[in-house]
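Below is one structure, written out as structure tokens; the observations come after it.
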């Protein structure tokens, strides 16, 4: 199936129903579908986009981001959303690695992109607000025949690899259809629902947990460019959403708002959360206000819904990640791939039609995590006596700050460029606001005096601000094992 048929069906059956509420305006399913068809004709006729071509997007959440996604879907092309929080060298890597031929860019990011334009070879850069809108108005709503979809790649979503280089997870139409069905089941989603989306849609969390599933059944999405605390309070009180997602850091921020005790949650059927271990105290605070908090577990590679709670289960399995989604299998295995028993810890592995097909242009990286149809998540977990899955730890050293993944290897590669340092390592430190923040351990080169500010200055302009370390700790040596590998758990112990 091609996911563009979702919108065509809703345009036929409920043409005037709002698909989006965005910046005080509404877009009906009829108009949404018209813009998708015109955008598909534009991509095909003006930019010569064909099946398999990659089309990149750099900007905040907007209906036109989704117009371009569905236009790519119609053509069998692949949509590549860029994380607008990344630094320019990171954007350059993603654009080159993906082989994107067109980049649609919001006006606010054009200056930065134009500064690296000479490195982008033949990529056509198009302003979303200016050129795209003008070109779209010139197009006739007559795109070519819709592609079949199915196993054709639709999305390449980049997630940082443990080597520090981003990896592009390839998601097909089939994977997104499967994920949507899992979401509809877990949320009891209906066409009458009003979904509030304020998480960034360059992540599968903001795009795929609720937004695309809502559009698949003709529900309405209240779409915000980015999270804003005051606007979130206003939407909850006045727009009456029935479903929304809040990562733990945003749940905590909302609890600190001056009107927390007066917020009207009565319209919400549930709040969905995940991306990291969710403190039970947060769950209790919201459920104490009568709002079910349902947890979802997964990753970019799983589209992301792999394990989840239902609304009913949220009251009885607090602290767990739930059970495998209806169209997904999961198990706990040891280092040899043997299935573990109840209460035994091991690596969580999952399989299903929701899985990615592999990392773009990275067969070795793909082979490391996809084995016999199972995706090896790198996370440690267990099942209790009732069959609930719990996330205990991570095999990988990823730092989860807010809802963003930060990989120490990416920061360590920058530190390795400095001749002033003999050794360095990065680990996560617990943080009340963000969950975790990166901290650098430094061994200065012999005879060199280096300061805290100099170390932090090494990251300026080279990596996104949210990834930059918050502290520097100087030590005489790094703890290592007999093979010379840094023992990061000992560094974490030093932070306690």
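Numbering (our numbering), first residue to last: 21 to 516.
Just so you know, even glycine gets a beta-carbon here, dropped at the ideal spot from N, CA and C.
Note that the structure is predicted; figures quoted are calculated from it, not measured.
- Distance check between residue 453 and each of 305, 363, 267, 311 places 267 closest, using alpha-carbon atoms only.
- Among the bridge pairs identified by DSSP, residue 394 is matched with 391.
- For residue 444, the enclosing beta strand (DSSP E) starts and ends at 441 to 451.
- Minimum Cα-Cα distance from residue 260 among the listed residues 250, 288, 236, 279 corresponds to 288.
- If you ignore the 5 residues before and after residue 412, its C-beta comes within less than 7 Å of the C-beta of 365, 400, 401, 402, all in its own chain and listed in chain order.
- Its chain contains 462 as the residues whose beta carbon lies nearer than 6 Å to that of residue 494, once the 5 sequence neighbours on both sides are disregarded; these appear in chain order.
- Check the Cα spacing between residue 51 and each of 62, 36, 44: the tightest is with 36.
- Its Cα nearest to that of residue 31, the residue 55 stands out among 42, 392, 41, 55.
- Annotated three-state conformation of residue 159 is coil, per DSSP.
- In this structure, the alpha-carbon of residue 233 lies about 15 Å from that of residue 328.
- In this structure, 355 is the residue among 440, 355, 432, 407 with its C-alpha nearest to the C-alpha of residue 398.
- Across the structure, residue 148 and residue 122 are spaced so that their CA atoms are roughly 12 Å apart.
- Rounded to the nearest angstrom, the gap between the Cα atoms of residue 466 and residue 388 is 38 Å.
- DSSP, read as helix, strand or coil, puts residue 144 in strand.
- Between residue 489 and residue 476 a beta carbon distance of about 6 Å is seen, short of the 8 Å cut, so the two are scored as contacting.
- Within the model, the alpha-carbon separation for residue 323 versus residue 59 is close to 25 Å.
- For residue 425, the enclosing beta strand (DSSP E) starts and ends at 424 to 426.
- In the structure shown, residue 486 falls within a helical segment according to DSSP collapsed to helix, strand and coil.
- A straight-line Cα-Cα distance of about 30 Å links residue 227 and residue 432.
- For residue 377, the closest C-alpha among the options 384, 78, 335, 390 is that of 390.
- Beyond the five residues adjoining it in sequence on each side, residue 137 comes within less than 8 Å, by CB distance, of 145 in the same chain, given in chain order.
- Around the C-beta of residue 187, 16 or more other C-beta atoms lie within 10 Å, and the residue is accordingly described as buried.
- In the three-state DSSP reduction, residue 65 falls in the helix class (H, G or I).
- For residue 314, the closest alpha carbon among the candidates 321, 291, 336, 300 is that of 291.
- Distance from the CA of residue 24 to the CA of residue 286, rounded to the nearest whole angstrom, comes to 33 Å.
- For the alpha helix (DSSP H) assignment, the uninterrupted runs of no fewer than 4 residues enclosed by the region 76 to 159 are, from N- to C-terminal side, 83 to 95, 108 to 118, 127 to 135, 153 to 158.
- In this chain, the alpha helix (DSSP H) harbouring residue 30 covers 24 to 33.
- Beta bridge pairing from DSSP links residue 216 with 242, 264.
- Exposure of residue 335 is indicated by the presence of fewer than 16 other C-beta atoms within 10 angstroms of its C-beta.
- C-alpha of residue 294 to C-alpha of residue 310: approximately 19 Å in a straight line.
- Secondary structure note for residue 508: its alpha helix (DSSP H) is the uninterrupted segment 508 to 515.
- According to DSSP, residue 348 shares a beta bridge with 372.
- Inter-residue distance for residue 446 and residue 360 is about 32 Å (C-alpha atoms, whole angstroms).
- Less than 8 Å divides the Cβ of residue 408 from the Cβ of residue 343.
- One alpha carbon belongs to residue 337, the other to residue 159, and they sit about 52 Å apart.
- Note on the region 270 to 329: whole beta strand (DSSP E) runs with a minimum of 3 residues are 290 to 294, 313 to 317, in chain order.
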